[in-house]
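Numbering (UniProt numbering), first residue to last: 1 to 255.
Glycine included, C-beta positions come from ideal geometry on N, C-alpha and C.
If you're wondering where the values come from, they're calculated on a predicted model, not measured in any experiment.
Remarks on the structure that follows.
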């Protein structure tokens, strides 16, 4: 059976489309006066932290947004605080550099209506190091270093809900349980969609433990699993449906 023809989309609402493109360049920076900028005492021995993680994350967000160095970031944040009339102190560049290594970033999201439908995949990022610069200047073989970026995206809002960065020697499937752990336990997950690389026992069991439906195409040479777990049962049902309907119809039926 031939594959279904993907639909084509044409832009017809040009006024709304142009307004959406203009809003992409809109910038609003707002500081909440009630925000806790200074860190609270932890009661532990040793020097206490001066700034909360929220203050460090705010400064680093400005750095990434405007593509500045750490010293320039400190000056921009100081200027913004003076404009809004807040007498907060700003972390210096050495504090930002030290704290960004262990900063636990909270990814904001709006959330979708109803259960979360998660899309999971990974991509590669090339890292240019000293060896590649030396080869480009003086010639010789290039030493390419790669990192893998694993993402979990909300199907409705296309917001990133989970992210992991690993080396190129780490596969895709072992990271799926860690991505699901980043979703709060009180968040209902309706389905988890991924490609055939995630067709493993651990992935299906991790998805079943969260009470979600796995939309993972079985491998072409897949065989039924003999283990009796919720993940194995769901995977065997998908395998039987794919063989009975055909992979093209199964993809359309499963979404």
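In the structure shown, residue 32 falls within a coil segment according to DSSP collapsed to helix, strand and coil.
For residue 146, no alpha helix (DSSP H) run applies; the uninterrupted beta strand (DSSP E) run containing it begins and ends at 145 to 154, by DSSP. In this structure, the beta-carbon distance from residue 163 to residue 150 falls below 8 Å. Contact check for residue 218 against residue 194 fails: the beta carbons are separated by 8 Å or more. Taking all protein chains in view, the Cβ of residue 186 is surrounded by fewer than 16 other Cβ atoms within 10 Å, so the residue is classified as exposed. Setting aside the 5 residues that flank it on each side, residue 224 is surrounded in the same chain by 236 and 239, each with a C-beta closer than 7 Å to its C-beta; the list follows chain order.
Our two residues, residue 29 and residue 63, have alpha carbons roughly 13 Å apart in a direct line.
Spanning the alpha carbons of residue 105 and residue 76 requires a straight line of approximately 21 Å. The residue among 166, 108 and 89 with its C-alpha nearest the C-alpha of residue 154 is 108.
Setting aside the 5 residues that flank it on each side, residue 152 is surrounded in the same chain by 118, 120, 161, 162 and 179, each with a C-beta closer than 6 Å to its C-beta; the list follows chain order. Residue 20 sits in a helix when the DSSP states are folded into three classes.
Residue 42 has its alpha-carbon roughly 23 Å from the corresponding atom of residue 60.
Of the other Cβ atoms in all chains shown, 16 or more fall within 10 Å of the Cβ of residue 204; this residue is therefore buried.
The region 75 to 92 and the region 8 to 22 do not touch, with fewer than three beta-carbon pairs separated by less than 8 Å. Here DSSP, grouped into helix, strand and coil, assigns residue 181 to helix.
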